[in-house]
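S.K.: When the sequence shown is numbered by the numbering used here, its final residue is 266 and no position is left out of the sequence of numbers.
Quick reminder that beta carbons are idealized off the backbone N, C-alpha and C, glycines included.
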Amino acid sequence: MSSRRTALVTGSARGIGKAIALELARRRFDVALNDIIPPDAAAASLAEFAGLPGDAYYVRADISQRADRAALVEQVRARFGRLDLLVNNAGIAPRKRLDLLEATEESFDEVLAVNLKGPYFLTQLIARWMVEIKQTQSDYHPRIINIASISSYTSSPARGEYCVSKAGVSMMTKLYADRLAEFGIGVYEIRPGIIRTDMTAAVREKYDKLIAEGLLPIRRWGEPEDIARAAAAIAEGSLPYSTGEVINVDGGFHLRRL
Ligand SMILES: NC(=O)c1ccc[n+]([C@@H]2O[C@H](COP(=O)([O-])OP(=O)(O)OC[C@H]3O[C@@H](n4cnc5c(N)ncnc54)[C@H](O)[C@@H]3O)[C@@H](O)[C@H]2O)c1
Numbered sequence: 009m010s011s012r013r014t015a016l017v018t019g020s021a022r023g024i025g026k027a028i029a030l031e032l033a034r035r036r037f038d039v040a041l042n043d044i045i046p047p048d049a050a051a052a053s054l055a056e057f058a059g060l061p062g063d064a065y066y067v068r069a070d071i072s073q074r075a076d077r078a079a080l081v082e083q084v085r086a087r088f089g090r091l092d093l094l095v096n097n098a099g100i101a102p103r104k105r106l107d108l109l110e111a112t113e114e115s116f117d118e119v120l121a122v123n124l125k126g127p128y129f130l131t132q133l134i135a136r137w138m139v140e141i142k143q144t145q146s147d148y149h150p151r152i153i154n155i156a157s158i159s160s161y162t163s164s165p166a167r168g169e170y171c172v173s174k175a176g177v178s179m180m181t182k183l184y185a186d187r188l189a190e191f192g193i194g195v196y197e198i199r200p201g202i203i204r205t206d207m208t209a210a211v212r213e214k215y216d217k218l219i220a221e222g223l224l225p226i227r228r229w230g231e232p233e234d235i236a237r238a239a240a241a242i243a244e245g246s247l248p249y250s251t252g253e254v255i256n257v258d259g260g261f262h263l264r265r266l
């Protein structure tokens, strides 16, 4: 079993997941990157890890698929032999933003499968493995981070299925935090606000305007690195007496203001 700290970050070929994986590799974690894209398409992202203290290793898997989740865990197990951190980051927006009164069941099923069912059951597999390791190693402090969203509690009727999926992720954080506390496994949630990635590229002008008009107390877009820094604080064990905790990384969006 590796004596080095190891992490698995889903959906990490780009965006927030990649930023988290890079930050972890800078902090000497060996990182399993996972994404749905083929290895040759992920090669450029993987190249960014060259020279960092932690190693990076790419596993293609679609986390919405049961067989892929099982294969992903098996590959990480074979490669690392242990896992200190799981980051459930992979997520999708609906292909089309459609009003609640028009939206389709197909989109609901797709978004829920990737954003909620995938991480829910991947966490089940990883948690069983972490419990197993914990029983043989006392100096082992595994952690799980779920990337939810301000959409966990904010209504956007043009992408209801996304909001429902993220509200589910928030409940999932509480459930696993409760269940895994007895094993010393901390479960945390990060709620990103409006973050500059490919996911938000299509609505950049809309958010530019809202931010300029004062939507956020901290008047700027969030960057993937803002999320990565919060994830690193959790990964380093800075919150040992907290579990089920939500960290808002949203420029203060969650504050009610008068
Ligand atoms: N960007 C934002 O403003 C924002 C805000 C709140 C929450 N989030 C959440 O943060 C996470 C990352 O978002 P992002 O902005 O970096 O998005 P992104 O679209 O840039 O990156 C998501 C990555 O996940 C991968 N992915 C998609 N489906 C997958 C699957 N089935 N299996 C494995 N990988 C898959 C994609 O290929 C992509 O590389 C998502 O869960 C998203 O919902 C983003």
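1) Does the Cβ-Cβ distance between Leu78 and Leu133 come in under 8 Å?
2) Which residues does DSSP pair with Ile153 in a beta bridge?
3) Can you give me the start and stop residues for the alpha helix (DSSP H) that Leu183 sits inside?
4) So, for Ala185: in the same chain, excluding its five sequence neighbours on each side, which residues have a beta-carbon less than 7 Å away from its beta-carbon?
5) Exposed or buried, which one is Lys217 when buried takes at least 16 other CB atoms within 10 Å?
6) Leaving out the 5 sequence neighbours to the left and right, which residues in its chain are closer than 6 Å to Ala156 when beta-carbon positions are compared?
7) Going by the C-beta, is Asn97 closer than 7 Å to any heavy atom of ligand 1?
8) Keeping to the same chain, check which residues put their C-beta closer than 8 Å to that of Lys142; ignore five residues upstream and five downstream.
9) Give me the Cβ distance between Ala301 and Leu30, rounded to the nearest whole Å; I'm assuming they're in contact under 8 Å.
10) Tell me the residue span of the beta strand (DSSP E) that contains Leu32.
11) Could you check where the alpha helix (DSSP H) with Glu213 kicks off and where it finishes?
12) Just list the residues that DSSP pairs Asn123 with in beta bridges.
13) Ligand 2 heavy atoms versus the CB of Arg22: any closer than 7 Å?
14) Go ahead and label Ala135 buried or exposed: buried means 16 or more other beta carbons lie within 10 angstroms of its beta carbon, across all protein chains shown.
15) I'd like to know whether the C-beta atoms of Met207 and Gly89 end up nearer to each other than 8 Å.
16) Cβ of Leu16 within 8 Å of Cβ of Leu124?
17) Candidates Gly25, Val84, Pro225: which alpha carbon is nearest Ala13's?
18) From the DSSP output, in three-state form, read off Tyr148 for me.
19) Is the segment 92 to 110 close to the segment 166 to 173, with three or more CB pairs under 8 Å?
M.R.: Let me lay it out:
1) For the purposes of this step, residue 78 is taken as residue 70 along the sequence shown, with counting starting at 1. For the purposes of this step, residue 133 is taken as residue 125 along the sequence shown, with counting starting at 1. A quick correction: the sequence has Ala, not Leu, at residue 78. With a cutoff of 8 Å on beta-carbon distance, Ala78 and Leu133 are scored as near each other.
2) Residue 153 sits at position 145 when you count from the first residue of the sequence shown. In DSSP, Ile153 forms a bridge with Val95, Tyr196.
3) One-based indexing of the sequence shown puts residue 183 at position 175. That run of the alpha helix (DSSP H) goes 168 to 188.
4) As a first step, residue 185 is located in the sequence shown; it is residue number 177 there, counting from the start. Hits under 7 Å: Val195, Thr251, Gly252.
5) Within the sequence shown, the letter at position 209 stands for residue 217. Classification for Lys217: exposed.
6) Numbered from 1 along the sequence shown, position 148 holds the residue referred to as residue 156. The answer, listed in chain order, is Lys174, Val177, Ser178, Glu197, Arg199.
7) Position 89 of the sequence shown, counted from the first residue, corresponds to residue 97. With a cutoff of 7 Å, Asn97 counts as near ligand 1, since its C-beta is closer than that to a heavy atom of the ligand.
8) For the purposes of this step, residue 142 is taken as residue 134 along the sequence shown, with counting starting at 1. Cβ within range, chain order: Tyr148, Pro150, Phe191, Gly192, Ile193.
9) The displayed coordinates of the chain run from 9 to 266. Any statement about residue 301 would go beyond what the structure contains.
10) For the purposes of this step, residue 32 is identified with residue 24 of the sequence shown, where counting begins at 1. Counting along the chain, Leu32 falls outside any beta strand (DSSP E), though it belongs to the alpha helix (DSSP H) covering 23 to 34.
11) Taking the first residue of the sequence shown as 1, we reach residue 213 at position 205. Its alpha helix (DSSP H) spans residues 212 to 220.
12) Along the sequence shown, read from residue 1 onward, the residue named residue 123 stands at position 115. According to DSSP, Asn123 bridges with nothing at all.
13) For ligand 2, the structure offers nothing, since it holds only ligand 1.
14) Reading the sequence shown from its first residue, position 127 is the one you call residue 135. By the 10 Å Cβ count, Ala135 comes out buried.
15) Counting from 1 along the sequence shown, the entry for residue 207 is found at position 199. Counting from 1 along the sequence shown, the entry for residue 89 is found at position 81. No; because the gap between Cβ atoms is not below 8 Å, this pair is not in contact.
16) Taking the sequence shown and counting its residues from 1, one reaches residue 16 at position 8. Taking the sequence shown and counting its residues from 1, one reaches residue 124 at position 116. No, the Cβ-Cβ distance between Leu16 and Leu124 is not below 8 Å.
17) Residue numbering aside, residue 13 sits at position 5 when the sequence shown is read from its first letter. With the sequence shown as reference, residue 13 is identified as Arg, and Ala is not the correct amino acid for it. It is Val84.
18) Residue numbering aside, residue 148 sits at position 140 when the sequence shown is read from its first letter. Here Tyr148 sits in coil by DSSP.
19) A contact exists between the segment 92 to 110 and the segment 166 to 173.
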